[in-house]
Amino acid sequence: MMNKRNNIISNIKKYPRCNNYVNKSFIVEYISTLKMYNKREKDIILNSFIKLFIFVLFILMLQCS
């Protein structure tokens, strides 16, 4: 398990643009929120590709029948 101090340091290294004049505890909360939204964004992209693939497959099936 990572302690809070190491997490803050790694977050500052990973996202240097986020740490200008901001409290370090806020950086940890902001980064965790950012990761959550990034995961949602990836899920939305994946779902759209799956829907597109199913749609194209359906069109091909209709043309072949």
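According to full-length UniProt numbering, the sequence shown is numbered sequentially starting from 1.
Beta carbons: idealized from backbone N, C-alpha and C, even for Gly.
How many Å lie between residue i and residue j at the Cα?
{"i": "I45", "j": "V56", "result": "17 Å"}
{"i": "L62", "j": "S48", "result": "21 Å"}
{"i": "R40", "j": "I54", "result": "21 Å"}
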